[in-house]
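Protein chains in written order, with the numbering used here: chain A, -12 to 299; chain B, 2 to 90.
To start, the structure under review is shown below, and the notes come after it.
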């Protein structure tokens, strides 16, 4: 792999990652992933893998409770800051170590411990009702969270009226919504994975910005169409590691370069390489980043997400 | 600790079993990245882990601990996995 990182900007924010900790991900989520993996491995090796062993392998990647490993990897990659995303799976799935309230507190602590390195986007399943809305408001006003993270495959539409109180808080506080798009653990409802579902909410809340997570990789045409047509819709490139980097040409040639945001989705691709390797892969010679203007590179790596969060 | 040429050959063969067709003709070399130079995806890496366990009767996940997340190149496989197998063989 030949790298040319002469275009590397001065400041980099990884705008899509998670705390690699079992405290924030229910075992049921990983069990679904394991079942899918087991089938793929069986097809490749003609041997049925031990499901418990496979689950252990995945869970072993989720023991960085205080983010020390993440911070080390960010340092090695010269990634200055990161946005920690906390979706709420606790309503849809059983087996969470913590309640969503405790998860908020845990992320607040991480933010307090590393105020110059992290931002937090967090969400609450709308079916928790008013308590959930209050918790989100507390997260923003008291804990300093900078965005709402929503996960519609948990079983709700992003345009469901029950989401609107959350968007009203985002509107008042001038912070963005980041929404999961596309495939996920098979324990979820994939009919809620489509980006088109956000369109009504994006129309009703024209002054709230929506980021379609994985939009450069999943439902790419729909995501590009939404980002091209709606002023308040953006996309991130997280999970780009699944495909050759040249695939990103699809999104970087559509006149929406000011709306594309860098993110790695740590720790999902941990087995494929360090954060440094994941970042370096974007500087390969066939990467579309080499065709961008300096300001576009800068916007991609930090400018756009800073603009959306309202930070200097 | 260096490993025997036989074990090195066996490990390289096991790696090449999960290398996609388009990369099969790549000449093995320690500095090659498993994912970026050899096109091995996450699922193939997990398959590789299990094939090592099956072939040598070890439990890489338990026995390597956090070190399993330091395996990114052919050389890492030879050094880290090779050393473990040499010890238990």
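All C-beta atoms in this analysis are idealised placements derived from N, C-alpha and C, irrespective of residue type, glycine included.
The three-state secondary structure of residue 61(A), taken from DSSP, is helix. In the same chain as residue 220(A), and ignoring 5 residues on each side of it, the C-beta atoms closer than 7 Å to its own belong to 189, 197, 199, 213 and 214, in chain order. Residue 23(B) is bridged by DSSP to nothing; it lacks a bridge partner.
Assignment of residue 93(A) by DSSP, reduced to helix, strand and coil, places it in the helix class.
Close CB contacts of residue 263(A) within its chain, under the 6 Å cut and outside five residues either way in sequence, are with 63 and 64 (chain order). Judged by DSSP secondary structure, residue 134(A) falls within the beta strand (DSSP E) whose first and last residues are 134 to 137.
When -10(A), 60(A), -11(A) and -6(A) are compared, the shortest CA-CA separation from residue 283(A) is found for -6(A). Of the residues 205(A), 255(A) and 176(A), the one whose Cα lies closest to the Cα of residue 79(A) is 176(A).
Per the DSSP secondary-structure output, residue 253(A) pairs in a beta bridge with 4(A).
Taking a Cβ-Cβ threshold of 8 Å, the residues of chain A close to residue 46(B) are 258 and 259, in chain order. One alpha carbon belongs to residue 42(B), the other to residue 43(A), and they sit about 19 Å apart. Under the three-state reduction of DSSP, residue 12(A) is assigned to coil, being neither helix nor strand.
Rounded to the nearest angstrom, the Cβ distance from residue 232(A) to residue 268(A) is 6 Å, consistent with a contact under 8 Å. Here the alpha carbon of residue 9(A) sits roughly 27 Å from the alpha carbon of residue -1(A). Contact annotation for residue 37(B) against chain A: -12, 260, 264 and 268 [CB-CB distance below 8 Å, chain order].
At a Cβ-Cβ threshold of 8 Å, residue 95(A) and residue 143(A) do not count as neighbours. Using a Cβ-Cβ cut-off of 8 Å, residue 55(B) counts as an interface residue toward chain A, since at least one Cβ of chain A sits closer than that to its own. Judged by DSSP secondary structure, residue 208(A) falls outside any beta strand (DSSP E) and instead within the alpha helix (DSSP H) spanning 207 to 216. Per DSSP, the beta-bridge partners of residue 164(A) are 135(A) and 197(A). For residue 62(B), the nearest CB of chain A lies under 8 Å from its own CB, placing it at the interface with that chain.
Listed by position along chain B, the residues whose Cβ is nearer than 7 Å to that of residue 43(A) are 62. If you check the CB distance, residue 270(A) and residue -8(A) come in under 8 Å.
Legend: CB atoms of the region 22 to 37 of chain A lying less than 7 Å from CB atoms of chain B belong to residues 24, 27, 28, 31, 32, 34 and 36. Cβ neighbours of residue 29(B) within its own chain (closer than 7 Å, five residues either side excluded): 13 and 75. In the displayed model, residue 107(A) falls within a strand according to three-state DSSP. Neighbours of residue 50(B) in chain A, taken as residues whose beta carbon is under 8 Å from its own, are 44 in chain order. The secondary-structure analysis by DSSP pairs residue 149(A) with nothing; it has no beta-bridge partner.
Residue-level contact check: residue 30(B) does not touch chain A, since none of the beta carbons of chain A fall below 8 Å from its beta carbon.
For the pair residue 104(A) and residue 58(A), the CB atoms are nearer than the 8 Å cut-off.
By the CB criterion at 8 Å, residue 225(A) and residue 207(A) fall outside the cutoff. The straight-line gap separating the alpha-carbon atoms of residue 28(A) and residue 92(A) is approximately 38 Å. Using a 10 angstroms sphere on the CB of residue 102(A), the tally of other CB atoms stays under 16, which defines it as exposed. In the DSSP assignment, residue 69(A) forms a beta bridge with 1(A) and 105(A). Residue 268(A) sits in a helix when the DSSP states are folded into three classes. For residue 158(A), the nearest beta carbon of chain B is not closer than 8 Å to its own beta carbon.
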